[in-house]
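Heads up: the structure comes next, in structure tokens.
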Amino acid sequence: QKEVEQNSGPLSVPEGAIASLNCTYSDRGSQSFFWYRQYSGKSPELIMSIYSNGDKEDGRFTAQLNKASQYVSLLIRDSQPSDSATYLCAPYTGRRALTFGSGTRLQVQP
Amino acid sequence: DVKVTQSSRYLVKRTGEKVFLECVQDMDHENMFWYRQDPGLGLRLIYFSYDVKMKEKGDIPEGYSVSREKKERFSLILESASTNQTSMYLCASSNGYEAFFGQGTRLTVV
Chain A
651 QKEVEQNSGP LSVPEGAIAS LNCTYSDRGS QSFFWYRQYS GKSPELIMSI
701 YSNGDKEDGR FTAQLNKASQ YVSLLIRDSQ PSDSATYLCA PYTGRRALTF
751 GSGTRLQVQP
Chain B
106 DVKVTQSSRY LVKRTGEKVF LECVQDMDHE NMFWYRQDPG LGLRLIYFSY
156 DVKMKEKGDI PEGYSVSREK KERFSLILES ASTNQTSMYL CASSNGYEAF
206 FGQGTRLTVV
């Protein structure tokens, strides 16, 4: 079983819709969770962090965490073509280094 | 803002050459990391360092070494470059949780 699993996509949504990106992780000791956005040919950029169960909202982004189910998700409301990118999930397991999922590619259709 | 700077954006090297990739961060972070990213394989950890002169192997250290003589600088060394080391190399630094990335070095070994 992979440490971090994400559907590779592409996930295609129309402009203005809600994009839902999902991630499951295997290490029950994971305490902190991060979402990165990576545009093609660029490096990953941190966009959200979440540390406790429930929802955390930041602008059009909402991160959701369910530690019992070992599940974390990212919702993007009012999706824009500029949101088209690969989104990487990264739980912090205390190894000192983040372990990244392979990412979900999101395409927002104008 | 955290700034992580990698010395080169693009590099082309010949098989068998010794290659140095340099990374500098300006936020006094203790932890620094080298990842490589390949299509379909995601981000894989090569080496990381949690203090000056301290290093630990990541998931794929073979063919690489690192050097950290100063807190702000972390170098990745390819002892004898091979074509299977053609990849995007990403340096990151961390305060212990979320990581911040440099712009990446796309290395081609011919």
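Residue numbers (my numbering), protein chains in the order written: chain A, 651 to 760; chain B, 106 to 215.
In this text, a Cβ means the ideal position worked out from N, Cα and C, and glycines have one as well.
Being a predicted model, the structure only gives us computed values, none of them experimental.
Residue i, DSSP secondary structure in three states
{"i": "Thr191(B)", "result": "coil"}
{"i": "Gln664(A)", "result": "Inspection of the sequence shows that residue 664(A) is occupied by Pro rather than by Gln. The answer is strand: DSSP assigns Pro664(A) an E or B state."}
{"i": "Glu680(A)", "result": "Per the sequence shown, residue 680(A) should be read as Ser rather than Glu. Ser680(A) falls in the coil class under three-state DSSP."}
{"i": "Asp733(A)", "result": "helix"}
Inter-residue Cα distance where the pair is residue i and residue j
{"i": "Gly145(B)", "j": "Ser752(A)", "result": "7 Å"}
{"i": "Arg746(A)", "j": "Glu135(B)", "result": "11 Å"}
{"i": "Lys692(A)", "j": "Lys717(A)", "result": "31 Å"}
{"i": "Lys176(B)", "j": "Leu150(B)", "result": "19 Å"}
{"i": "Ser699(A)", "j": "Val157(B)", "result": "28 Å"}
{"i": "Glu655(A)", "j": "Thr674(A)", "result": "5 Å"}
{"i": "Tyr742(A)", "j": "Tyr721(A)", "result": "13 Å"}
9 Å Cβ cutoff, residue i in contact with chain B
{"i": "Ala713(A)", "result": "no"}
{"i": "Ala740(A)", "result": "yes"}
{"i": "Thr749(A)", "result": "yes"}
{"i": "Ser676(A)", "result": "no"}
is_contact[residue i, chain A] using C-beta, thresh 9 Å
{"i": "Phe179(B)", "result": "no"}
{"i": "Tyr202(B)", "result": "yes"}
{"i": "Leu150(B)", "result": "yes"}
{"i": "Glu167(B)", "result": "no"}
{"i": "Ser199(B)", "result": "yes"}
{"i": "Leu195(B)", "result": "yes"}
With three or more beta-carbon pairs closer than 8 Å as the criterion, would you say the stretch 739–758 of chain A touches the stretch 111–125 of chain B? Segments in contact, no.
Starting from the N-terminal side, write out each stretch of the alpha helix (DSSP H) that is 4 residues or longer and does not extend beyond the stretch 120–181 of chain B. DSSP runs (the alpha helix (DSSP H)) wholly in the stretch 120–181 of chain B: none.
Could you tell me whether the stretch 673–680 of chain A touches the stretch 195–202 of chain B, where touching means 3 or more Cβ pairs closer than 8 Å? Cβ pair count under 8 Å is below three, so no.
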